[in-house]
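Residue numbers (the numbering used here), protein chains in the order written: chain D, 1 to 189; chain Z, 1001 to 1430.
All C-beta atoms, glycine included, are put in the ideal place defined by N, C-alpha and C.
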Amino acid sequence: MAIPMKSLMFMILTLGVMGCAMPTHPRTPFLRSVDLVDMTNNLSESFAHDEIINSRTSDDSPWVISLNDVVNNTQQIIPESERWLYVARLRSRLAQSDCSARHNMIWVVPPEGIQRIDDENTGSSSLAEQRLTPTHLLTGEFVALTNTSHTGRSDTYVCDYQLVDLQSGLIVWEDAWEVKRYASGLTYD
Amino acid sequence: MFRSTFNLACTAVGCVLIFALSGCQTGAQYNPARDAYYDYDFAQSCTILREEIMGSDDEQVILNNLRLGMAALAEGDWEQADRALNHSFHWLSTPGLNDDRNTAAVLTHEGVRIWKGEPFEQALGYHYVATLHAINNDWENARAAAANSIMRLSDFQEGPQSYSNNNPATNFTLGLLMQAIASDHASLADSTPLYEAALKNDTELRSIIDALRQRRYNTILLLDFGKGPSKKSFGPDNAHAEFINQSNQQHAARITINKQQSIRALPVCNVNELADEYTWNRFEEIRQTKSAIGQTLFLSGAILAGASDDDSTLWAGVGMMLAGLFSRATSSADLRYLDYAPQLIYLIPLELDQISDLSAHIEHVPNATIQLPAITPGTTDQPRVIYLRLYHHAGPQPAWLTTHNMNHETQGNDHTMTRVSENTPPGDSP
């Protein structure tokens, strides 16, 4: 008689544990933090080794570079703060190296950030008035080719960055970083 | 001796029956939050749901975050809506979410699976993410979310496909229009194929689609009305489930501007029709089989136990009865559904030339009116998007819904307007 009772208790325990399982870590077809790091590391190297940029010396007239957040043309939600992060990390990688000093490049705060700094600034003059006029703009566009079916989804991302001469419209530097993310499993279940 | 064993066996059957029936309830939950939502008390609904969620990602993570996001949208609490809807977006976009739970769902009950909803509910979930970003004029993310709503319904149809604006093969007109509007304002892609697909779906929407295509608007009203279909179980052991219409209306919305100009708009989405087309019953055959096996086991066990004259046969019969009871109790359908969904969704472009008093009313439906005093329009490039939630209310509408005087700028159903309870003593209102 003891055996069925033990079996019953075991069954109840098993079912209870199965019923209370937590969700597994999600598998995502979206860009992740490792992609941000890898992308900006690679592109900062590309930028630093570019022929046109390397031809500049510290005696050349400075390039005053402003930033735009990346354009999100993917099927992923990228909050505004993250869209800025994708260019901000590239800039900070370049600022940490001596690339900017060697090639006489100056980075200025984008217009979106000026007001925030002005709000903190107790001085008499506005930073917006003193800000150097940019000669170049660093920006990016993320595009994704999304393939979906009921059995899974893949997103191939092309993350394209450009440095644009604001006077001529010339693209001074451009490079792209690509990655494909695939997640299998029923999409709607 | 045999008598005491028989009593013990009966007790065991009773205990397991209680356990099975209580532990495997998969029906709709959180009624207080839903009741508050349908009583126009969106803030209270948010509060209850926030407490229920409290950082736990359990089997209800998508459903509760969608509910919270929709209630927060109606309340005009964008930060709360942002957290909840973006959280649900990532879960909704994860394929194979329940791959490791299907076995448990077959052996026990479907409630162990993470609720992802029917394809139409998922498309609606994405639509509300798009709505949130449209309200914030974040058109890039609005486009992304709307694109996902179309993809989800396309996935449900046959065949793999590459997704772009040029192959919008779906009858989800709302998703097409949301993506078209967002693509236009984000300047990302040609929205013409999307508008054409929407027009092909429903030619009666021509005036709305023309206004959108020609950018003859600076304000967009997204108006949800009524209660969407509910999920009910029926049949032996409640093993069958289907969506039942709670209301079945096709009335137009009428928008009055400054008590002069009147605009009539047809709904761009009827959720009842979506539910008819985009549902599936993956586990229904399994549930029916479990129910049939359970009935057979229970009857066979009862016969065996009744005819037994020794302990071992009795216990074998009791065991079969227990297994049968358990199988039957766990064969009921999962009745979770997106209970905050509306029946009709209107998308109404408006061209306001000044700060205006608006009135929105659903034709032929009493108590389905909202007054929006002193609405500041957006611009052609950055239109203002206003989300509203209405339904047929049995009692009188709350005063804040129909007031003609504003206390603050109105951003949603009830974002910053002051609501004063009838029981509030004078002087206590904020």
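Taking the alpha-carbon positions, what's the residue i to residue j distance?
i: Ser1308 (chain Z); j: Leu1314 (chain Z); result: 5 Å
i: Thr135 (chain D); j: Tyr1340 (chain Z); result: 52 Å
i: Phe1283 (chain Z); j: Asp1035 (chain Z); result: 30 Å
i: His25 (chain D); j: Ile1375 (chain Z); result: With a pLDDT of 47 at His25 (chain D), under the threshold of 50, the predicted position of this residue should be treated as unreliable, though the coordinate-derived value follows. Taking the straight line from one Cα to the other gives about 44 Å.
i: Met103 (chain D); j: Ile65 (chain D); result: The question names Met, but residue 103 (chain D) is His in the sequence shown. Taking the straight line from one Cα to the other gives about 12 Å.
i: Gly1117 (chain Z); j: Val1268 (chain Z); result: 22 Å
i: His1133 (chain Z); j: Met1178 (chain Z); result: 11 Å
i: Asp119 (chain D); j: Asn54 (chain D); result: 38 Å
i: Ile1244 (chain Z); j: Gln1343 (chain Z); result: 12 Å
i: Val109 (chain D); j: Glu129 (chain D); result: 13 Å
i: Ile78 (chain D); j: Ala1071 (chain Z); result: 23 Å
i: Thr1380 (chain Z); j: Leu1212 (chain Z); result: 10 Å
i: Pro1383 (chain Z); j: Asn1218 (chain Z); result: 4 Å
i: Phe1120 (chain Z); j: Lys1259 (chain Z); result: 37 Å
i: Gln1288 (chain Z); j: Glu1277 (chain Z); result: 22 Å
i: Ile1432 (chain Z); j: Ser1191 (chain Z); result: Since the displayed chain Z opens at 1001 and closes at 1430, residue 1432 (chain Z) lies outside it and no answer follows.
i: Tyr1038 (chain Z); j: Ala1145 (chain Z); result: 26 Å
i: Leu1049 (chain Z); j: Asp189 (chain D); result: 24 Å
i: Arg56 (chain D); j: Ile106 (chain D); result: 13 Å
i: Ile1209 (chain Z); j: Gly1294 (chain Z); result: 55 Å
List the residues of chain B whose Cβ lies closer than 8 Å to the Cβ of residue i, in chain order.
i: Ala183 (chain D); result: Of the protein chains in this structure, namely D and Z, none is chain B.
At least one CB of chain D closer than 7 Å to the CB of residue i: is that the case?
i: Leu1432 (chain Z); result: Nothing in the structure corresponds to residue 1432 (chain Z), since chain Z is present only between 1001 and 1430.
i: Arg1152 (chain Z); result: yes
i: Ala1147 (chain Z); result: yes
i: Ala1316 (chain Z); result: no
i: Ala1033 (chain Z); result: no
i: Pro1119 (chain Z); result: yes
i: Gln1025 (chain Z); result: For Gln1025 (chain Z), the pLDDT reaches just 48, beneath the cut-off of 50, and the residue's location in the model is therefore unreliable, although a value from the coordinates is still provided. Judged by the 7 Å Cβ criterion, Gln1025 (chain Z) is not in contact with chain D.
i: Asn1201 (chain Z); result: no
i: Glu1140 (chain Z); result: yes
i: Phe1089 (chain Z); result: yes
i: Phe1156 (chain Z); result: yes
i: Asp1099 (chain Z); result: yes
i: Ala1144 (chain Z); result: yes
i: Asn1064 (chain Z); result: no
i: Asn1137 (chain Z); result: no
I'd like to check one pair, residue j with residue i: are the Cβ atoms closer than 7 Å?
i: Ala1147 (chain Z); j: Arg1389 (chain Z); result: no
i: Ser1300 (chain Z); j: Met1320 (chain Z); result: yes
i: Ala1253 (chain Z); j: Ile1370 (chain Z); result: no
i: Leu1188 (chain Z); j: Ile1348 (chain Z); result: no
i: Asp1099 (chain Z); j: Gly185 (chain D); result: yes
i: Ser1486 (chain Z); j: Arg1143 (chain Z); result: The structure shown does not extend to residue 1486 (chain Z), since chain Z spans only 1001 to 1430, so no value can be given for it.
i: Gln1250 (chain Z); j: Ser1230 (chain Z); result: no
i: Leu166 (chain D); j: Leu137 (chain D); result: yes
i: Glu141 (chain D); j: Asp155 (chain D); result: no
i: Thr139 (chain D); j: Leu90 (chain D); result: no
i: Ile1135 (chain Z); j: Val1385 (chain Z); result: yes
i: Tyr1126 (chain Z); j: Ser1149 (chain Z); result: yes
i: Ser1356 (chain Z); j: Thr1256 (chain Z); result: no
i: Tyr1346 (chain Z); j: Leu1223 (chain Z); result: yes
i: Trp173 (chain D); j: Asp50 (chain D); result: yes
i: Glu1140 (chain Z); j: Asn42 (chain D); result: no
i: Asp175 (chain D); j: Ser46 (chain D); result: yes
i: Leu1068 (chain Z); j: Ala1084 (chain Z); result: yes
Does the CB of residue i have a neighbour CB from chain Z at under 7 Å?
i: Gln96 (chain D); result: no
i: Arg89 (chain D); result: no
i: Asn72 (chain D); result: yes
i: Ile114 (chain D); result: no
i: Arg27 (chain D); result: yes
i: Gln75 (chain D); result: yes
i: Thr156 (chain D); result: no
i: Gly152 (chain D); result: yes
i: Thr187 (chain D); result: yes
Any chance the CB of residue i is under 6 Å from a heavy atom of the ligand FMN?
i: Thr133 (chain D); result: Only the bare structure without any ligand can be found here, which leaves the ligand FMN out of the picture.
Do three or more CB pairs link the segment 1173-1181 of chain Z to the segment 1196-1203 of chain Z at distances below 8 Å? yes
Just by C-beta distance, which residues in the segment 132-148 of chain D are closer than 7 Å to chain Z? Leu145, Thr146, Asn147, Thr148
Would you call the segment 1294-1313 of chain Z and the segment 1201-1211 of chain Z in contact, with 3 or more CB pairs under 8 Å? no
With three or more C-beta pairs closer than 8 Å as the rule, is the segment 1346-1366 of chain Z touching the segment 1086-1098 of chain Z? no
Pair every Cβ in the segment 143-159 of chain D with every Cβ in the segment 1057-1070 of chain Z, then say whether three or more of these pairs are closer than 8 Å. no
Determine which residues of the segment 1167-1192 of chain Z have a Cβ less than 7 Å from any Cβ of chain D, and write them out in chain order. Leu1188
Per the contact definition of three or more C-beta pairs closer than 8 Å, is the segment 1233-1244 of chain Z in contact with the segment 1325-1340 of chain Z? yes
Members of the segment 1276-1310 of chain Z that neighbour chain D once the beta carbon cut-off is set at 7 Å: Arg1282
Chain D contacts made by the segment 1216-1238 of chain Z, where a contact means CB separation under 9 Å: none
Could you name the residues of the segment 1252-1266 of chain Z whose beta carbon sits closer than 8 Å to any beta carbon of chain D, in the order they occur along the chain? none
Taking any Cβ of chain Z, which residues in the segment 28-53 of chain D have a Cβ under 9 Å from it, in chain order? Thr28, Pro29, Phe30
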